[in-house]
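These protein sequence lines map, in sequence, to chains A and B. At position 155 of the first sequence (counting the first as 1) the number is 431 in this note's numbering, and the numbers step up by one without a gap. At position 225 of the second sequence (counting the first as 1) the number is 537 in this note's numbering, and the numbers step up by one without a gap. Ideal Cβ placement from N, Cα and C applies to all residues, glycine included. As structure tokens, the structure follows; a few thoughts come after it.
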Amino acid sequence: MKWFFLQWFLVFSFYSVGILPAVAQEIGQSLDSLEVRPSLVNPRLSLPTQLTQVHVISPGEYFAPPLVADIPDDRFGDMVRMGRNIFVNTGVYAERYAGNGLNCSSCHLQEGRKPHGIPLWAAYGRYPMYRHKTRTVVTLEERIQDCFIYSMDGIAPTLDAPEMKALVTYTKWLSKGAPVGVDLPGRGLPNVSRTQDLDPKRGKIVYETHCELCHGKDGKGKKHINGEGYMFPPLWGRDSYNKGSGLQRVRTLAKFIKGNMPLGASFSLSNQESLDVAIYIWLQERPRNPKMSWAMDFFFPNIVR
Amino acid sequence: MLNRETVKADIIAGMTAGVLILPQAIALATLAGLPPEYGLYTSIFPVMFAALFGSSWHAMSGPNTALSILIAFTIAPYASIASPEWIQYAITLAFMAGVIQVSLGLLRLGIIFNYFSQTVTVALITGVGVIIIVSQLGNFMGVLMNIAEPIEDAIPQVVYGMSRANGFAVSVGIVTVISGLLIKYYFPRLPFLIIAVIAGMLFSAGLELAFGESNVGLDKLGTMSLSALPLSSPDFSPENFAEASQGLLPAAFVIAFLGLIQASLIARAMAIKSGQCVDINQEVLGQGISNIAGSFVSCFPSCSSFNRSASNFESGGRTPLSALISVITLAVLVVFAAPVIAHMPISVMAAILLLVGAGLIKKNDIKKVLLEKRENQFIFALVLFATIYGGVDYAVFFGITLSIIAYMKNVSKPEIGLLTGKEAQQYSPQLGGTLSSRNYSGKEHQKYYRYSAGKHSLFSSPKKECNELDVDVPRRFDHVTVLQISGSLFFGSVPRLESVLVDLRKQDNGEGDLIISGENLHSVDGAGAEVLVREAKNRIEKGFRMLLWLRNHNHDAVFQSSGLIKTVGEENIYYLKEKSGENLQDHAV
């Protein structure tokens with residue numbers, strides 16, 4: 277009996293010694309008691325083995341944002357950390373404005389670092405820019421407001437809100453060393469082009485083959501075990517993006533799918549498959565477009581949205 | 313104190329107060345630059361502590377307009393609005409102000425706040441109302457404005473912002489203001505703020521339904537993340553506090569003073585209404601404890617609120633129980649109202665603050681204060697100017713100084729009356745020689761002349777009496793002059809006394825007896841006595857006398873040390889009251 281305990285004790289101690297460095301690293305970078313967050317994994321640590329993968333054509337092709345461990349230990353660093361917290365756990369740290377179950381990092385994958393995953397470092401140097409959607413020049417802050425209104429289906433943070441400040445600070449820190457006004461490789465989403473008409477029936481098959489495992493048969497995503505927040509974000513339903521958001525455009529969604537999905541196997545779907553599954557998702561029910569209303573339809577029927 | 317009836321009345325009053333406080337709590341937190349949660353915490357915990365530890369049974373504590381403005385203007389240079397640092401500074405401020413208030417209460421200095429001039433308070437509050445209105449115009453229009461700007465910069469900012477104004481936000485704000493005003497004037501018994509909020513929110517919901525949320529583009533308050541026990545602590549660590557200490561330390565004093573000025577004013581006003589005897593030091597202590605305790609549960613500085621205390625009393629609150637009930641009501645209400653409050657447009661809140669700010673400019677109070685005295689108009693104008701242009705903190709110090717100056721000015725004018733000729737004669741010992749030998753109390757002062765001097769009553773028909781007595785008056789009393797001095801005779805009032813004496817000397821050349829009637833003299837210091845000594849010497853040199861009529865022996869020490877008693881001569885000093893404990897029959901010192 278004694279030996280039994282000793283044996284297990286040794287096993288555990290070796291085991292813990294073995295995992296200690298990894299644990300220490302995790303603690304050094306951890307935000308809060310998050311469980312597995314596939315969209316969070318640090319690209320440099322996880323490139324070869326873990327769920328996510330960067331589509332590298334040639335090494336050094338993409339801009340490399342700074343490591344989380346390099347966040348400075350000062351007021352600026354505090355703001356960056358707050359921004360990062362909001363970015364990966366929006367429902368908790370920006371509870372005031374978040375409207376659904378998504379996080380910023382649900383779309384801006386790997387904490388906004390992943391090339392072709394709408395990376396923040398590629399966007400920061402491009403704002404203020406003209407946006408066709410609003411037909412005005414918008415600043416980064418105004419763009420973030422739109423994220424909250426449409427993709428987060430929530431309330432826009434005021435321009436002077438601390439949440440807004442933190443997000444902009446995080447974006448700035450992430451883009452340390454990135455050139456301004458340059459289209460960096462890996463910016464936004466990759467291009468897709470269609471070869472034949474889109475077919476939601478084919479899309480459904482693609483969905484069931486590639487997406488259902490994580491996002492669920494009903495597209496409602498998968499929550500953490502403790503029931504707080506989503507491990508895999510919902511694709512439609514009450515907790516997903518609304519009908520005014522960017523991903524509601526089939527083309528944009530197809531681009532996103534091609535560049536990032538299935539998680540860890542970017543660029544594995546063909547253009548046509550991406551488009552088909554995108555139109556299948558487009559057909560599902562989701563919160564209404566806050567731009568739509570009967571008065572607008574009545575008075576400005578021809579307005580482009 | 314507590315019986316079935318008062319408990320019932322308290323419950324009703326408390327529930328009313330708990331509902332009424334909700335819009336103010338949110339609006340005042342925003343005014344202080346804090347997220348709305350903190351306004352709710354501040355309307356819960358300090359109210360509780362102030363009710364338990366304070367003296368007044370009716371004063372309701374909570375967030376306060378003037379303090380909120382002060383907090384925002386103090387912290388603005390050191391942190392960005394609503395950021396964690398801002399919140400931390402506000403909590404630290406509450407702790408510091410609480411410590412200052414508690415020490416004032418323990419030193420029993422609460423009494424000094426009774427002397428704070430009402431004119432200054434009214435001017436301060438009026439100025440705060442103006443500041444609130446100007447500062448909220450940006451939010452009202454849906455335009456982002458800088459916080460804590462001097463008024464000469466804020467107004468052009470508003471004007472330039474008008475071109476960027478969001479028409480929807482403005483219309484929502486206007487609906488809120490107008491509905492609030494209509495309710496206030498036509499149904500004064502209804503809670504106009506809440507109805508105005510509901511009207512504004514319904515209107516904005518209608519607009520959004522018609523035009524779409526993102527087309528309307530109203531800034532909204534957002535979901536509150538409330539906690540039942542929001543623990544916090546003041547932070548004095550160098551890395552967080554040092555850079556702001558220069559601004560926060562003086563501000564803590566101003567906040568403590570401003571809070572106490574209002575708290576004591578309210579406690580006194582409530583005491584007058586209810587007849588309760590308020591211990592002002594206990595009230596000060598209660599305010600301090602509520603601020604210190606509040607700083608550990610995420611509260612910013614608070615003090616008694618006049619509107620809520622008055623409405624609490626009017627709706628029947630008689631004991632601190634009503635404050636506790638209001639706290640519970642608010643806590644329960646918040647849980648259910650939070651999802652609705654999340655969609656409250658900022659412009660509705662700005663409109664509420666406009667109503668609150670306009671409510672602070674109380675025409676009746678201003679009129680009353682201005683008509684009371686001439687100098688009040690001057691003080692009012694100065695303090696109002698200082699509040700609007702210099703900020704509340706400067707205005708508080710300025711107002712305290714002005715109050716002291718006004719008080720000194722009043723005190724330094726002792727009432728000096730001159731009686732000559734026949735009117736004066738009743739004071740001469742020869743006429744009423746028996747006066748001083750009787751045992752009189754102060755209350756029988758007037759009787760004293762009537763009964764003992766019998767024949768010559770000053771009050772009934774002096775002329776006749778004096779005529780009768782003319783014969784008895786010795787020659788040397790023809791030129792008798794009586795100087796009646798009441799009030800304080802101290803270094804500040806010496807110039808006035810001297811000028812009177814100079815005038816007197818011009819008239820009688822110092823030739824004649826001078827009787828100083830000081831029955832109503834309530835304090836004398838060396839400098840004042842010195843003047844009398846000089847005058848006495850002058851008269852004695854010319855062969856005349858100076859007589860002193862005093863009420864009691866309180867000022868003997870001063871007169872002794874200044875040599876007045878020696879100069880005048882003990883036999884010339886008369887007392888209306890005997891020295892306590894000794895049964896003196898004569899006027900001896």
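Cβ-heavy atom distance, residue i to the ligand GDP, below 7 Å
i        : result
B:Pro335 : Absence of the ligand GDP from the depicted structure is noted, as is the absence of any ligand whatsoever, leaving it without description.
Nearest-angstrom beta carbon gap, residue j and residue i [assumed within contact, 8 Å]
i        : j        : result
B:Phe385 : B:Val668 : With a Cβ gap of about 17 Å, B:Phe385 and B:Val668 do not count as contacting.
B:Asn451 : B:Ile658 : 5 Å
B:Val794 : B:Gly824 : About 11 Å separates the two Cβ atoms, so there is no contact after all.
B:Gly598 : B:Gly830 : That belief does not hold up - the Cβ atoms of B:Gly598 and B:Gly830 are roughly 41 Å apart, past 8 Å.
B:Val482 : B:Met453 : 6 Å
B:Leu876 : B:Val845 : 5 Å
B:Ile664 : B:Pro335 : 5 Å
B:Tyr350 : B:Ala341 : 5 Å
B:Val509 : B:Val660 : 6 Å
8 Å Cβ cutoff, residue i in contact with chain B
i        : result
A:Glu371 : yes
A:Met440 : no
A:Trp570 : yes
A:Lys567 : yes
A:Ala432 : yes
A:Ile347 : no
A:Ala554 : no
A:Leu435 : yes
A:Gly276 : For residue 276 of chain A there is no data in the structure shown, the boundaries of chain A being 277 and 581.
A:Ile394 : no
A:Ile425 : yes
Chain A contact for residue i (CB, 8 Å cutoff)
i        : result
B:Leu343 : no
B:Thr631 : no
B:Ala563 : no
B:Asp531 : yes
B:Ser539 : no
B:Ser395 : yes
B:Gly524 : yes
B:Leu521 : yes
B:Ser355 : no
B:Leu456 : yes
B:Gly534 : yes
B:Ala556 : no
B:Ser392 : yes
B:Ala654 : yes
B:Asn527 : yes
When the options are compared against residue i, the one with the closest alpha-carbon
i        : options                                   : result
B:Pro375 : B:Ile567, B:Ser829 and B:Glu595           : B:Ile567
B:Val812 : B:Gln796, B:Glu823 and B:Ala556           : B:Gln796
A:Gly453 : A:Gly401, A:Glu417 and A:Thr434           : A:Gly401
B:Glu842 : B:Lys878, B:Leu816 and B:Leu862           : B:Lys878
B:Ile601 : B:Leu860, B:Thr438 and B:Ala362           : B:Ala362
A:Asp515 : A:Met358, A:Asn361, A:Asp429 and A:Arg407 : A:Asp429
B:Glu883 : B:Ala869, B:Leu859, B:Gln872 and B:His865 : B:Leu859
B:Ala477 : B:Glu464, B:Pro500 and B:Leu530           : B:Leu530
B:Gly492 : B:Leu666, B:Asn619 and B:Gln594           : B:Leu666
A:Pro341 : A:Asn565, A:Glu387 and A:Asn361           : A:Glu387
Close-in-space but distant-in-sequence residues of the same chain around residue i (CB under 8 Å, 5 per side omitted)
i        : result
B:Ser805 : Val723, Ser724, Lys725, Pro726, Gly799 and Gly840
B:Asn426 : Ser576, Arg580 and Ile592
B:Ser429 : Ile691, Gly711, Leu714, Ser715, Ala718 and Tyr719
B:Val434 : Lys674, Asp677, Ile678, Val681 and Phe692
Cβ-based neighbour list, residue i, same chain, cut-off 7 Å, excluding 5 preceding and 5 following
i        : result
A:Ser550 : Val468, Ala530, Ile533 and Lys534
B:Val487 : Ala511, Gly512 and Phe515
Contact set for residue i: own chain, Cβ-Cβ below 6 Å, skip 5 residues either direction
i        : result
A:Gly513 : Lys496
B:Ile507 : Ile495
A:Met358 : Ala442
task = Count the C-beta pairs between the stretch 437–445 of chain A and the stretch 390–398 of chain B that are closer than 8 Å, then say yes if the count reaches three, no if not.
result = yes
query = Between the stretch 537–551 of chain B and the stretch 314–332 of chain B, do at least 3 Cβ pairs fall closer than 8 Å?
reply = no
query = Touch check for the stretch 399–418 of chain A and the stretch 470–484 of chain A: three-plus C-beta pairs under 8 Å?
reply = no
message = Pairs of beta-carbons, one from the stretch 628–636 of chain B and one from the stretch 321–335 of chain B, closer than 8 Å: are there three or more?
response = yes
key: Segment contact flag, the stretch 583–591 of chain B with the stretch 542–554 of chain B, C-beta cutoff 8 Å, min 3 pairs   = no
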